[in-house]
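Some notes on the structure that comes next.
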Amino acid sequence: GAVVSQHPSWVICKSGTSVKIECRSLDFQATTMFWYRQFPKQSLMLMATSNEGSKATYEQGVEKDKFLINHASLTLSTLTVTSAHPEDSSFYICSARDQGQGIDEAFFGQGTRLTVV
Amino acid sequence: GNSVTQMEGPVTLSEEAFLTINCTYTATGYPSLFWYVQYPGEGLQLLLKATKADDKGSNKGFEATYRKETTSFHLEKGSVQVSDSAVYFCALKSAGTASKLTFGTGTRLQVTL
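Chains L and V, in that order, are what the protein sequence lines are.
Using the working numbering, the first residue of the first sequence is number 1, and each one after it goes up by one.
Using the working numbering, the first residue of the second sequence is number 1001, and each one after it goes up by one.
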């Protein structure tokens, strides 16, 4: 299957700083990428849908000014957690939609564990 | 709105035991249903899917049947292996939602020798 690479796998940052997480589709182009957040023992919660060349669509209750999403190319979307606080500590997962060659499937990155201290 | 409910884990089984992980859903219309697996340190991988009622998805010995009458998509495997130890997520996608997936909470499976 297609490969989606997410970086970094884990990051520890101080309160008040910003952290950028990258999501890359390595062998296909993705006009649409998704960002999820997962709390311990809970399901993946969709945060936003990232569309190449346009503004991201955020789910209800997700602060767009706090979670900045940029999808500047067909293979890269970034999520920046601004002014991070301990409550932002979580597992963040991206997925990229592959619509090439008659398929329509979402492929996932390996996730990023963010710890804010 | 859409929701997915799956059994809480962890599920601990001996190798070659029979596996069932229950999954039920609530959705409008006719969603597509999926099982994803997440091995330690890796991203989610699509395990199998079914797009309409009575379809059976199967892969790597796992199978699940789309039961509209019971709104269920239970995952089964006849004989698990240690290498099947992972977290399994049930998910659905409603038609026309541009691949937006709604996930269950995940069920951790631990298979021992």
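Backbone N, C-alpha and C define an ideal beta-carbon position, used for all residues, glycine too.
Nonlocal neighbours in the same chain, by C-beta distance under 6 Å from L:Thr49, ignoring five residues either side: Against the first sequence, residue 49 of chain L aligns to sequence position 49. Cβ within range, chain order: Phe34, Thr57.
Is DSSP giving V:Asp1084 helix, strand or coil here? As a working mapping, residue 1084 of chain V is identified with position 84 in the second sequence. V:Asp1084: helix per DSSP, three-state reduction.
If we count the other Cβ atoms within 10 Å of its Cβ and call it buried at 16 or more, is V:Thr1020 buried or exposed? Translated into positions along the second sequence, residue 1020 of chain V becomes position 20. With fewer than 16 other Cβ atoms within 10 Å, it is exposed.
Of all the CB atoms in chain V, is at least one closer than 8 Å to the CB of L:Thr49? The sequence position of residue 49 of chain L within the first sequence is 49, counting from 1. At a cut-off of 8 Å between beta carbons, L:Thr49 contacts chain V.
Assuming V:Ser1072 and V:Thr1051 are in contact, meaning their beta carbons sit under 8 Å apart, how far apart are those beta carbons, in whole angstroms? Position 72 of the second sequence, counted from the start, is the residue given in the question as residue 1072 of chain V. Position 51 of the second sequence, counted from the start, is the residue given in the question as residue 1051 of chain V. Not quite, the Cβ-Cβ distance comes to about 16 Å (not below 8 Å), so this is no contact.
In whole angstroms, what is the alpha-carbon distance linking V:His1074 and V:Thr1065? The sequence position of residue 1074 of chain V within the second sequence is 74, counting from 1. The sequence position of residue 1065 of chain V within the second sequence is 65, counting from 1. Rounded to the nearest angstrom, the two C-alpha atoms are 7 Å apart.
Closer than 8 Å by beta-carbon distance: list the chain V residues that pair up with L:Gln110, in chain order. As a first step, residue 110 of chain L must be located in the first sequence, where it is residue number 110. Under the 8 Å cutoff, chain V gives Gly1041, Glu1042, Gly1043.
Counting only C-beta atoms, is L:Ser43 closer than 8 Å to chain V at any point? Start at 1 with the first residue of the first sequence, and residue 43 of chain L comes out as number 43. L:Ser43 has a beta carbon lying within less than 8 Å of a beta carbon in chain V.
Would you kindly check if the distance between the Cβ of L:Asp88 and the Cβ of L:Leu46 is under 8 Å? The residue labelled residue 46 of chain L in the question sits at position 46 within the first sequence. The residue labelled residue 88 of chain L in the question sits at position 88 within the first sequence. It is not a contact, given that the beta carbons lie outside the stated cut-off.
Whole-angstrom distance between V:Glu1016 and L:Ser5, CA atom to CA atom: On the first sequence, position 5 is the one that residue 5 of chain L refers to. On the second sequence, position 16 is the one that residue 1016 of chain V refers to. So the alpha carbons of these two residues sit roughly 33 Å apart.
If you count every other CB in all the chains shown that lies within 10 Å of the CB of L:Gln60, and 16 or more means buried, which is it? Locating residue 60 of chain L in the first sequence gives position 60, counting from the first residue. So L:Gln60 counts as exposed.
Does the CB of L:Glu105 have a neighbour CB from chain V at under 8 Å? For the purposes of this step, residue 105 of chain L is taken as the residue at position 105 of the first sequence. Closer than 8 Å: yes.
Classification of L:Leu26 by the beta-carbon crowding that lies within 10 angstroms, buried from 16 upward: Counting from 1 along the first sequence, the entry for residue 26 of chain L is found at position 26. It counts as exposed.
Note the first and the last residue of the continuous beta strand (DSSP E) segment covering V:Glu1076. Residue numbering aside, residue 1076 of chain V sits at position 76 when the second sequence is read from its first letter. First-last of the beta strand (DSSP E) with V:Glu1076: 1075-1077.
Ordered along the chain, which non-local residues of its own chain (more than five positions away) have a Cβ less than 6 Å from that of L:Phe91? Here residue 91 of chain L refers to the residue found at position 91 when the first sequence is read from its first residue. Closer than 6 Å at Cβ, skipping near neighbours: Gln38, Gly111, Arg113.
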